[in-house]
Amino acid sequence: MNPTDRTVAVKHLYETHPYPSPNAGASLLRDMVGVLWFLFPGQDLSGWRILDAGCGTGHRLGALAKAYRKAQFTGLDISDASLEVARQLAQKHQLANLCLWQGDIAEVDTPERFDLIISTGVVHHLPDPAGGVEKLCRLLTPEGMMLLWLYHRFGEFNRLLQRELVLALAGSASADLETGVNILAELKINLDPEQYGNGVLPQGEICQVSMNVDAFLNPIVHAYRFLEGIELFAGACVDWVAINGITTKNSSSLLDLEQTGGLPDVTLSDERMLGSESLLCKYRQLSGRDRLRVIELATRPAGFSLLAGRQPSLARCNQRIRGNIVELA
Numbered sequence: 006m007n008p009t010d011r012t013v014a015v016k017h018l019y020e021t022h023p024y025p026s027p028n029a030g031a032s033l034l035r036d037m038v039g040v041l042w043f044l045f046p047g048q049d050l051s052g053w054r055i056l057d058a059g060c061g062t063g064h065r066l067g068a069l070a071k072a073y074r075k076a077q078f079t080g081l082d083i084s085d086a087s088l089e090v091a092r093q094l095a096q097k098h099q100l101a102n103l104c105l106w107q108g109d110i111a112e113v114d115t116p117e118r119f120d121l122i123i124s125t126g127v128v129h130h131l132p133d134p135a136g137g138v139e140k141l142c143r144l145l146t147p148e149g150m151m152l153l154w155l156y157h158r159f160g161e162f163n164r165l166l167q168r169e170l171v172l173a174l175a176g177s178a179s180a181d182l183e184t185g186v187n188i189l190a191e192l193k194i195n196l197d198p199e200q201y202g203n204g205v206l207p208q209g210e211i212c213q214v215s216m217n218v219d220a221f222l223n224p225i226v227h228a229y230r231f232l233e234g235i236e237l238f239a240g241a242c243v244d245w246v247a248i249n250g251i252t253t254k255n256s257s258s259l260l261d262l263e264q265t266g267g268l269p270d271v272t273l274s275d276e277r278m279l280g281s282e283s284l285l286c287k288y289r290q291l292s293g294r295d296r297l298r299v300i301e302l303a304t305r306p307a308g309f310s311l312l313a314g315r316q317p318s319l320a321r322c323n324q325r326i327r328g329n330i331v332e333l334a
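Below, the structure written as structure tokens:
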């Protein structure tokens, strides 16, 4: 398929199987609320304009808008069906600080500028991920930042093999979705709800079919190592990129390359990762880029998050993020 056809196929996938849940009565997903709290502790983000690029059914976006009532949120998604669920959620939770736009990230054009752009699990489904990042970064204010979550090659290796198996049996990535759903059922393949940490819906509210379609039948999937993800920003109008955290099965951890010492309960422990003083000594002599290589080889994450921005935005960042900045090649 050419890029246009693949984009149409992605849109059709989410029109027929809204993600993460077609149920507007399902609980809001608060994992991103925690992410923002650790990035901007004690701040209410008053006056901030925040874009969720690829908001899906709005279960994460709604939780953010509810937690940060003094910020103005905008949700952008390609799927009308997903946005309809998001509208119902906004009404149910009385989220007057949330508006929704229908559109394609690759074609978004607005004079509005944002203090924070969040895109979780979306850019890696674009035909041109680097182009999508560049397009979104144009929408940042001078103090604005982009928070990006991507699949990692190592933790996703087995899932992507399963996806390839399903698509091979279906005949092509453009086969009708119900054929793929039936093949998944016959193979007894299901995405583990905690594949990407524990920020999922309660067990009784999980829509396994929507999760499976997103995980195994999406016609566009890219996965990255840390430095490959960072290089997606090479053509964007940002001055710095920092690693923020990783997600592994059943858990999430912040990264702290320079050992600033904050938030030890939620930060990846070098000691637990490597286990011996001699290895720790070797590790701490490495450059930031080489430390990232060790971390991804040792932990094999399913996903990771990056924060990027222009120079003035560093004043909004904590010491941990400043220590996690990795220079673009």
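Heads up: take any position in the sequence shown, counting from 1, add 5, and you land on my numbering.
The beta carbon of each residue, even a glycine, is placed where N, CA and C say it ideally should be.
Nothing here was measured: the structure is a model prediction, and the numbers come from that model.
Residue i burial status per 10 Å Cβ neighbour count (16 or more: buried)
i, result
"K140", "buried"
"P364", "Here the chain covers residues 6 to 334 and nothing more, so residue 364 does not appear."
"S177", "exposed"
"D261", "buried"
"K75", "exposed"
"G266", "exposed"
"T62", "buried"
"G280", "exposed"
"C212", "buried"
"E301", "buried"
"F119", "buried"
"S26", "buried"
"S51", "exposed"
"N329", "buried"
"F309", "buried"
"E263", "exposed"
"E161", "buried"
"T125", "buried"
"G67", "buried"
"P166", "Residue identity check: residue 166 is Leu in the sequence provided, not Pro. L166 is exposed by the Cβ-count criterion."
"A173", "exposed"
"G47", "exposed"
As assigned by DSSP and simplified to three states, the class of residue i
i, result
"S51", "coil"
"G308", "strand"
"P23", "coil"
"Q77", "strand"
"Q316", "helix"
"N249", "strand"
"K254", "strand"
"A173", "helix"
"Q324", "helix"
"C242", "coil"
"S124", "strand"
"I225", "coil"
"Q290", "coil"
"Q107", "strand"
"T272", "strand"
"L259", "strand"
"F159", "coil"
"D114", "coil"
"V100", "One point to set straight first is that residue 100 is Leu, not Val, in the sequence displayed. Coil."
"A31", "coil"
"L302", "helix"
"L56", "strand"
8 Å contact criterion, which residue i and residue j should meet: CB distance rounded
i, j, result
"M37", "R65", "5 Å"
"Y73", "D49", "6 Å"
"R327", "L333", "Not a contact, Cβ separation roughly 16 Å."
"G314", "L155", "The Cβ separation is near 17 Å, so there is no contact."
"A228", "H129", "7 Å"
"T304", "I251", "6 Å"
"R230", "R294", "Wrong, their Cβ atoms sit about 11 Å apart, outside the cutoff."
"I110", "L81", "7 Å"
"V218", "H22", "4 Å"
"S142", "A14", "Sequence inspection shows Cys at residue 142; the Ser mentioned does not correspond to that position. Rounded, the Cβ-Cβ distance is 26 Å, inconsistent with contact."
"L152", "L312", "5 Å"
Boundaries of the alpha helix (DSSP H) in which residue i is found, first to last residue
i, result
"C142", "134-142"
"T184", "182-192"
"S87", "85-97"
"D36", "36-44"
"H64", "64-72"
"I330", "Segment: none, I330 is in no alpha helix (DSSP H) and carries neither H nor E."
"G234", "231-235"
Run of the beta strand (DSSP E) containing residue i, from where it starts to where it stops
i, result
"V218", "No beta strand (DSSP E) contains V218, which is instead part of the alpha helix (DSSP H) from 213-221."
"T146", "145-156"
"L196", "Here L196 belongs to no beta strand (DSSP E), and DSSP marks it neither H nor E."
Measuring CB atoms only, is the stretch 271-289 touching the stretch 186-195, in the sense that at least three cross pairs come out at less than 8 Å? Touching, no, given that fewer than three Cβ pairs across the two stretches are closer than 8 Å.
Decide if the stretch 209-225 is in contact with the stretch 235-242; the criterion is three or more beta carbon pairs, one per stretch, under 8 Å apart. Segments in contact, no.
With three or more beta-carbon pairs closer than 8 Å as the criterion, would you say the stretch 83-94 touches the stretch 103-121? Judged by Cβ distances under 8 Å, the stretch 83-94 makes contact with the stretch 103-121, as three or more pairs qualify.
Are three or more beta carbon pairs between the stretch 271-280 and the stretch 83-90 nearer than 8 Å? Contact between the stretch 271-280 and the stretch 83-90 is absent: fewer than 3 CB-CB pairs across the two stretches fall below 8 Å.
Contact between the stretch 104-118 and the stretch 25-43 is defined here as three or more beta-carbon pairs at a separation below 8 Å; is this criterion met? These segments do not touch.
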